[in-house]
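Asks: Numbering (my numbering), first residue to last: 21 to 291.
Where a beta carbon is used, it is the ideal one built from N, C-alpha and C, also for glycine.
Next up is a structure, given as structure tokens.
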Amino acid sequence: MNKKRPIIVLGSKGMLGQMVYSYFSKSGFSLHEVQHRFDPKEREKFIDDILAYPDAIIINCIGKIKQKTDDENEILMVNTLLPLALKTHLLPTQTLVHPSTDCVYNGNAIEPYSIMSVPNAIDTYGWSKRLAEEVLRGRPNTIIFRVSIIGPDKNPEGKGLLAWFLNNNEGTKLRGYLNHLWNGITTLEWCKQIVHLLASKDLNDKTIFEIGGTSEYYNKCELLQLFQRTFNTKYDILPFLTPNPVNHLMIPTLISKNFEEQLRELKNYTL
Numbered sequence: 021m022n023k024k025r026p027i028i029v030l031g032s033k034g035m036l037g038q039m040v041y042s043y044f045s046k047s048g049f050s051l052h053e054v055q056h057r058f059d060p061k062e063r064e065k066f067i068d069d070i071l072a073y074p075d076a077i078i079i080n081c082i083g084k085i086k087q088k089t090d091d092e093n094e095i096l097m098v099n100t101l102l103p104l105a106l107k108t109h110l111l112p113t114q115t116l117v118h119p120s121t122d123c124v125y126n127g128n129a130i131e132p133y134s135i136m137s138v139p140n141a142i143d144t145y146g147w148s149k150r151l152a153e154e155v156l157r158g159r160p161n162t163i164i165f166r167v168s169i170i171g172p173d174k175n176p177e178g179k180g181l182l183a184w185f186l187n188n189n190e191g192t193k194l195r196g197y198l199n200h201l202w203n204g205i206t207t208l209e210w211c212k213q214i215v216h217l218l219a220s221k222d223l224n225d226k227t228i229f230e231i232g233g234t235s236e237y238y239n240k241c242e243l244l245q246l247f248q249r250t251f252n253t254k255y256d257i258l259p260f261l262t263p264n265p266v267n268h269l270m271i272p273t274l275i276s277k278n279f280e281e282q283l284r285e286l287k288n289y290t291l
């Protein structure tokens, strides 16, 4: 992979963006930030910042999650209109990396979702991420990476699972959902997989679509217990069955290492 190509990280202050900016900086890439915020009414300034680097790799870490806002217009603007603007205005020489999510599915499946499974989420967040995938399919020089991620967040109000877990006080009772299934990756592993894809795939004339994850899976109770062992916390994790089971398992086309090993690497990484 050519480290001389500029990297533009959109959304470098969010959970994924923090890790992407840190990892690519430490790996010797040349990083650049966009000075203007994305606003559909004034998108020209935002796009012009990006077009100033015609051979750039743009990693779109801007996203609105349902834990942070219930404003449907804001969710659709950021998660769907931004990818549309990027597809419309980016130069053919610019590579776009777009993170997608297991939430494109409604989570009611009995078996894990495969690459052939049709996204069926109907909530606003899942719908917005579904639309983004459809918008970007067919754009050459594009990577769409569908996977669920967990990672640290320097923002004290971070809403991710790991940030929530680590921000509790010793002795706190935490419910671990026995019937919520998951097989995602860490944000650190996400960066490593993107470097692998950028180095190994011919992007000039096609969209690269990959599903990430591990071959093993966990329920959310096991996940919290893994966090506890790795980060040496002292919480009281209580197994709990929710009224509605959730199965967001996906069959990965790009298989990552064991999640416990990923967590150990994450613990030893300085963001």
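Quick check: Thr-262 and Asn-203, are their CB atoms within less than 8 Å of each other?
Replies: Sequence index remark: in the sequence shown, residue 262 carries index 242 (1-based). Sequence index remark: in the sequence shown, residue 203 carries index 183 (1-based). No.
Asks: Is Leu-181 helix, strand or coil when you go by DSSP?
Replies: In the sequence shown, the residue the question calls residue 181 occupies position 161. Here Leu-181 sits in helix by DSSP.
Asks: Under 8 Å between the Cβ atoms of Met-35 and Gly-180?
Replies: Along the sequence shown, read from residue 1 onward, the residue named residue 35 stands at position 15. Along the sequence shown, read from residue 1 onward, the residue named residue 180 stands at position 160. Taking 8 Å as the Cβ cut-off, Met-35 and Gly-180 qualify as a contacting pair.
Asks: List in chain order: all unbroken beta strand (DSSP E) runs of 3+ residues lying wholly within the region 223-270.
Replies: Correct list: 227-233 and 256-260.
Asks: Can you tell which of Leu-244, Leu-104 and Gln-248 has its C-alpha closest to the C-alpha of Lys-150?
Replies: For the purposes of this step, residue 150 is taken as the residue at position 130 of the sequence shown. Strictly speaking, residue 150 in this sequence is Arg, with Lys absent from that position. Comparing Cα positions, the closest option is Leu-104.
Asks: If you reduce the DSSP assignment to three classes, tell me which class Ile-13 lands in.
Replies: Residue numbering for the chain in the displayed model covers 21 to 291; residue 13 lies beyond these limits and cannot be assessed.
Asks: Hey, is the region 221-228 in contact with the region 190-198, meaning 3+ C-beta pairs nearer than 8 Å?
Replies: As far as the Cβ criterion goes, the region 221-228 does not touch the region 190-198, which means the pair count is below three.
Asks: With a CB to CB cut of under 6 Å and the five nearest residues on each side skipped, what residues in its chain are close to Tyr-41?
Replies: Here residue 41 is taken as the residue at index 21 of the sequence shown, counted from 1. The answer, listed in chain order, is Val-29 and Ser-32.
Asks: Could you please give the first and the last residue of the uninterrupted beta strand (DSSP E) stretch that includes Ile-28?
Replies: Residue mapping note: residue 28 aligns to position 8 of the sequence shown, counting from 1. Looking at the DSSP string, the run of the beta strand (DSSP E) that includes Ile-28 is 26-30.
Asks: Would you check if the region 56-76 and the region 118-131 touch, i.e. whether three or more CB-CB distances between them fall below 8 Å?
Replies: No: the two stretches stay apart, fewer than three of their Cβ pairs being nearer than 8 Å.
Asks: Do Met-21 and Thr-207 have their C-beta atoms closer together than 8 Å?
Replies: Here residue 21 corresponds to residue number 1 of the sequence shown, with the count starting at 1. Here residue 207 corresponds to residue number 187 of the sequence shown, with the count starting at 1. No, the pair does not count as a contact, with Cβ atoms beyond the cut-off.
Asks: So what's Gly-37 in DSSP terms, helix, strand or just coil?
Replies: Residue mapping note: residue 37 aligns to position 17 of the sequence shown, counting from 1. Here Gly-37 sits in helix by DSSP.
Asks: Look at the alpha carbon of Ile-275 and the alpha carbon of Asp-69, and state the distance between them as a whole number of angstroms.
Replies: As a working mapping, residue 275 is identified with position 255 in the sequence shown. As a working mapping, residue 69 is identified with position 49 in the sequence shown. Cα to Cα, Ile-275 sits roughly 35 Å from Asp-69.
Asks: Per the contact definition of three or more C-beta pairs closer than 8 Å, is the region 129-144 in contact with the region 183-190?
Replies: No, the region 183-190 is not in contact with the region 129-144.
Asks: DSSP state of Thr-290, grouped into three classes?
Replies: Reading the sequence shown from its first residue, position 270 is the one you call residue 290. Thr-290 falls in the coil class under three-state DSSP.
Asks: Would the region 111-121 and the region 165-176 be scored as touching if the rule is three or more Cβ pairs under 8 Å?
Replies: Judged by Cβ distances under 8 Å, the region 111-121 makes contact with the region 165-176, as three or more pairs qualify.
Asks: Please specify which runs of the beta strand (DSSP E), each continuous and at least 3 residues long, are wholly inside the region 104-167, giving them in chain order.
Replies: Entirely contained in the region 104-167, the beta strand (DSSP E) runs reaching 3 residues are, in chain order, 115-120 and 162-166.
Asks: Around the Cβ of Gln-87, are there at least 16 other Cβ atoms within 10 angstroms (buried) or fewer (exposed)?
Replies: Counting from 1 along the sequence shown, the entry for residue 87 is found at position 67. That one is exposed.
Asks: On the DSSP bridge assignment, give the partners of Ile-77 in chain order.
Replies: Counting from one through the sequence shown, the residue named residue 77 turns up at place 57. Ile-77 pairs with Ile-27 and Thr-115.
Asks: How long is the line joining the alpha carbons of Ile-27 and Asp-256, rounded to whole angstroms?
Replies: For the purposes of this step, residue 27 is taken as the residue at position 7 of the sequence shown. For the purposes of this step, residue 256 is taken as the residue at position 236 of the sequence shown. Approximately 42 Å, taken between the alpha carbons.
Asks: When DSSP labels each residue in this structure, what does Lys-221 get in the three-state scheme?
Replies: Position 201 of the sequence shown, counted from the first residue, corresponds to residue 221. Coil at Lys-221, not helix or strand.
Asks: My guess is that Thr-250 and Leu-283 are in contact by the Cβ rule of under 8 Å, so how many angstroms apart are they, rounded?
Replies: Against the sequence shown, residue 250 aligns to sequence position 230. Against the sequence shown, residue 283 aligns to sequence position 263. So it is a contact: roughly 4 Å between Cβ atoms.
Asks: According to DSSP, is His-56 helix, strand or coil?
Replies: What you label residue 56 is simply residue 36 of the sequence shown in a count that begins at 1. Looking at His-56 - three-state DSSP - the assignment turns out to be coil, as it is neither helix nor strand.
Asks: Just to confirm before moving on: does the CB-CB distance between Phe-58 and Ile-82 stay below 8 Å?
Replies: Counting from 1 along the sequence shown, the entry for residue 58 is found at position 38. Counting from 1 along the sequence shown, the entry for residue 82 is found at position 62. Contact flag set, yes.
Asks: Hey, out of Lys-174, Leu-218, Glu-62 and Asn-93, whose CA is closest to Ile-79's CA?
Replies: If you number the sequence shown from 1, residue 79 lands on position 59. Minimum Cα distance to Ile-79 is reached at Leu-218.
Asks: Tell me where the alpha helix (DSSP H) around Leu-96 begins and ends.
Replies: Translated into positions along the sequence shown, residue 96 becomes position 76. Counting along the chain, the alpha helix (DSSP H) containing Leu-96 begins and ends at 92-96.
Asks: Give the DSSP bridge partners of Arg-195, in chain order.
Replies: For the purposes of this step, residue 195 is identified with residue 175 of the sequence shown, where counting begins at 1. According to DSSP, which records beta bridges pairwise, Arg-195 is partnered with Leu-258.
Asks: What does the alpha-carbon distance come out to for the pair Phe-66 and His-56?
Replies: Within the sequence shown, residue 66 is the residue found at index 46, counting from 1. Within the sequence shown, residue 56 is the residue found at index 36, counting from 1. Roughly 5 Å between the two C-alpha positions.
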